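In the numbering used here, the protein residues as written are 637 to 1003.
Report on the structure given below.
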Ligand code: F6P
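Take a look at the structure:
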């Protein structure tokens, strides 16, 4: 058995769940225990479990048969240890800082290192813990695909598959009723999911946070389609999409304006704008958490397993303070310091935006 820098490590999943988390856990665990002889401690519910010292040894029966299972066997939370809010602490711990509790529990659980599976916030916390002297390795997980430093995150392709299958189903009912169907997808800060599922599903309009939209341009595109005999349209909207008018406002004012609007989310507002401008019947589908549920796609099973085993190798080689990444189809790793506090949004000259425009997709701007 190869000699390893790490004898015993903790593993946690943090932030929004996604298909592929269990496949990644399995990849880390099988390589770490089977090849490098390491002991594994599963931490419950993300960083909250580390603050509370809630960990238990994982054995092969714990990570056998989970490759295809959705969600995470460890549970998750959106706990941010470096953001002060003492409501989660036991009375005896109030006043102690959460990073201090994490370091204490690192000792109590006899951890040499920690592997975290999560999105932007999780890997930012991983960097801060690494700066505090803990041995931490990150894996990039999110359906949003908005983590800096990696071309792709696991969970993204499964969400694209789910969203695309839904768009396909909307096509038939839109066509049957000559309606405009608006489908709202997840993706607050970046529109990767809406862009890829929009292209895969043949969306006629794709609205993403990176390109603030003009409601008039959207209406004109839909009316042009109608004049060409296409009495239906599919509009794919990222939940973080915003109008040109909103984009011009300071963030706080934009938030206040949104709270006053009679729409539960952007998809409903876009639909109302379209119906009012074109007179066409418009309906809304918000896909929501369906994009995060269920079994991972085969692509994500392979990607998550690859990332997981790569993390085990980083542990064995003692290469801490890094996040596993995919760059130009090669698995590598990047310093957590480069990932922290960043979001990977879509560059406006990205080839997939060009591809969509070339097949006539409208982005709500006058391209
Ligand atoms: O970060 C992934 C994500 O699914 C976003 O796309 C979405 O806006 C958010 O999580 C929802 O967060 P929560 O699960 O806390 O409601």
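We put the beta carbon where it would ideally sit given N, CA and C, even for glycine.
No experiment lies behind these values; they were computed from the predicted model shown.
(message) In whole angstroms, give me the CA-to-CA distance for residue 767 and residue 996.
(response) Approximately 48 angstroms, taken between the alpha carbons.
(message) If distances are taken between C-alpha atoms only, which option among 848, 896 and 806 comes closest to residue 840?
(response) With respect to the C-alpha of residue 840, the residue from 848, 896 and 806 having the closest C-alpha is 806.
(message) Going by beta-carbon coordinates alone, are residue 656 and residue 785 separated by less than 7 angstroms?
(response) no
(message) Quick check on residue 736: buried or exposed, where buried means 16 or more other Cβ atoms within 10 Å of its Cβ?
(response) With fewer than 16 Cβ atoms within 10 Å of its Cβ, residue 736 is classed as exposed.
(request) Using the Cα positions of residue 741 and residue 747, report the straight-line distance between them to the nearest angstrom. (result) If you take the alpha carbons of residue 741 and residue 747, they lie about 8 angstroms apart.
(message) Taking the straight line between their C-alpha atoms, what separation do you get for residue 927 and residue 956?
(response) Taking the straight line joining both Cα atoms gives about 32 angstroms.
(message) Tell me which residues share the same chain as residue 804 and place their Cβ nearer than 7 angstroms to its Cβ, disregarding the 5 neighbours each side in the sequence.
(response) 837, listed in sequence order.
(request) Return yes when the Cβ of residue 971 is within less than 7 angstroms of the Cβ of residue 953, no when it is not. (result) At least 7 angstroms separates the beta-carbon of residue 953 from that of residue 971.
(message) Could you check whether residue 718 and residue 847 sit closer than 7 angstroms to each other, using their CB atoms as the reference points?
(response) no
(request) Check whether the segment 895–902 touches the segment 860–870, taking contact to mean three or more Cβ pairs, one atom from each stretch, closer than 8 angstroms. (result) Taking a cut-off of 8 angstroms for Cβ pairs, the segment 895–902 and the segment 860–870 do not touch, as fewer than three such pairs fall below it.
(request) Alpha carbon to alpha carbon, how far is residue 875 from residue 641? Give it in angstroms, no decimals. (result) 43 angstroms
(request) Measure the C-alpha to C-alpha separation of residue 889 and residue 758 and round it to an integer number of angstroms. (result) 28 angstroms
(request) Please name the residue or residues paired with residue 818 in a DSSP beta bridge. (result) According to DSSP, which records beta bridges pairwise, residue 818 is partnered with 871 and 920.
(request) Measure the alpha-carbon distance for residue 881 versus residue 709 and round it to whole angstroms. (result) 44 angstroms
(request) Using three-state DSSP, classify residue 791 as helix, strand or coil. (result) coil
(request) State the start and end residues of the unbroken alpha helix (DSSP H) segment that holds residue 742. (result) Counted as a single uninterrupted DSSP element, the alpha helix (DSSP H) harbouring residue 742 occupies residues 734–744.
(request) Let me know the secondary structure DSSP gives residue 965 once reduced to three states. (result) DSSP, read as helix, strand or coil, puts residue 965 in coil.
(request) Would you mind stating whether residue 826 and residue 796 have Cβ atoms separated by less than 7 angstroms? (result) no
(message) Please tell me whether, using a cut-off of 6 angstroms, the distance from the CB of residue 656 to the nearest non-hydrogen atom of the ligand F6P is below it.
(response) no
(request) Could you tell me the distance, in whole angstroms, from the CA atom of residue 921 to the CA atom of residue 822? (result) 12 angstroms
(request) Tell me where the beta strand (DSSP E) around residue 948 begins and ends. (result) Not the beta strand (DSSP E): residue 948 falls in the alpha helix (DSSP H), residues 934–953.
(request) Return the bridge partner residues of residue 998 from the DSSP annotation. (result) Residue 998 pairs with 841.
(request) Go to residue 678, then tell me how far its beta strand (DSSP E) extends in each direction, as first and last residue. (result) 675–679
(message) Suppose contacts are defined by Cβ-Cβ distances below 7 angstroms. Is residue 649 in contact with residue 745 by that definition?
(response) no
(request) Would you kindly report the start and end of the unbroken beta strand (DSSP E) that includes residue 649? (result) 644–649
(request) Can you give me the start and stop residues for the beta strand (DSSP E) that residue 691 sits inside? (result) 691–694
(message) Pull the bridge partners of residue 958 from the DSSP assignment, please.
(response) 773 and 971
(message) Considering Cα atoms alone, identify which of 680, 811 and 788 is closest to residue 751.
(response) 680
(request) Under the assumption that residue 637 contacts residue 788 (Cβ atoms under 8 angstroms), give the Cβ distance between them as a whole number of angstroms. (result) Going by Cβ atoms, the distance from residue 637 to residue 788 rounds to 32 angstroms, so no, they are not a contact pair.
(request) Return the CA-CA distance between residue 851 and residue 864, expressed in angstroms with no decimal places. (result) 20 angstroms
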